[in-house]
Each structure stands twice: as structure tokens, then as C-alpha cells.
Amino acid sequence: MPKLVTLLNGPNLNLLGLRQPEIYGRETLDDVAASVADLGEELGLAVRAMQSNHEGQLVDWIHAARGTSAAIIINPGAYSHTSVAILDALNAYDGVVMEVHISQIHKREVFRHHSYISHRADGVIVGCGTEGYLLALRRIASLLKA
Ligand code: CA2
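For the sequence shown, my numbering assigns the number 23 to the initial residue and increments by one for each residue that follows.
See the structure below:
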């Protein structure tokens, strides 16, 4: 049985590829989920992708990943900069956590420079576009192998 990786995307990321391509690129969230799943197959990992605009839903999915998923890739969107609830949920999760930001948040407004989620993340990938999700999965594969 391949190990499971939960891929979580937060608020507004359902608009990926449809608006602001100069910041977030032209790939849709479905494109991203498909390419992460394809890479997962190559790496022997099963990927379950979910997106929500609601903080509590993301918390519930993190709880559900406890004991079922070996790793979580999360782009919490704007909740990165506000959500102690998502940080607390991740602190109660034992697997690998990779945080992804499509844009280079440190080149943007100051309020985007701090992420609560980075206090827990085992790795953070910032400003690599949607390729960041693939880099995160490769990192998870090597951590799970080690
Ligand atoms: O760079 C990232 O991935 C962010 O997590 C994206 C969030 C933003 O609040 C963070 O500061 C950085 C915003 C996601 C909004 O996604 C959209 C995608 C396309 C069109 C409009 C919004």
C-alpha cells in the first residue's frame, strides 16, 4: 500500500489560474492536483487533494490526517498569516508537514512575511510558483525514505 500524502489548499486558491496570473500563474488547482498525483505515482505515494475557504474545515482535515497520512502539504493561503487554530491542529499531527506558498511572500506586503504555520512546518517552499508543490512532494519522499 502506498503511503498517503494529504494536499491542502486554503482560501481563494480555488481561483488559481483564473485570476491574477501575474502573481499565481496560469495553472488551475485541478492541474496542480493532477501533477502532484502523477509525481506521487512515480514516487510511490498516494495523494489526496482538498481545498477549502473555511478555517474550521482545514482544521478538521488536519485532524483526519492523524494516523492516516504520512505527510501533509499545505498552502494555507491568507490563513498562514492569521491562524493559530491551523498551527495548533498541525502541532497535534505527527507526520511530515511541508508549507508551500506559490508567490514569494517576503517580496510582498509586510503582513505576508510572517506565517504561523512555519512555526510547525518541517520545510517551507516559497516563490517557486506551482512547482513548489512538486518540490514539497519530492522532499516528503526523501524524508519518508530516510
Ligand atoms: O503565495 C501563496 O501561495 C499564498 O499563500 C497565496 C494566498 C496569499 O494570501 C498568501 O499571502 C500567499 C492567496 C491565495 C489567493 O489565490 C488566488 C489565486 C488566484 C486568483 C486569486 C487568488
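Note that beta-carbon positions come from the ideal geometry of N, C-alpha and C, so glycine has one too.
Since this is a predicted model, take the numbers as computed values, not measurements.
Asked: Any non-hydrogen atom of the ligand CA2 closer than 7 Å to S164 Cβ; Found: no
Asked: Nearest to L165 (by Cα), restricted to the options A86, L67, V58 and A56; Found: L67
Asked: Separation of M23 from I248, as counted between CA atoms; Found: It is not possible to answer for residue 248, since the shown part of the chain is limited to 23 through 168.
Asked: Close beta carbons around L65, own chain, < 6 Å, minus the five adjacent residues each side; Found: A163
Asked: Closer than 7 Å: S102 CB and nearest the ligand CA2 heavy atom; Found: yes
Asked: Spatial distance of P161 from M120 (CA atoms); Found: Checking the sequence shown, residue 161 turns out to be Arg, not Pro. When rounded, the distance between both Cα atoms is 8 Å.
Asked: Extent of the continuous beta strand (DSSP E) to which I94 belongs; Found: A93 to N97
Asked: Touching by the beta-carbon criterion (3+ pairs, under 8 Å), the region 43-58 and the region 79-94; Found: no
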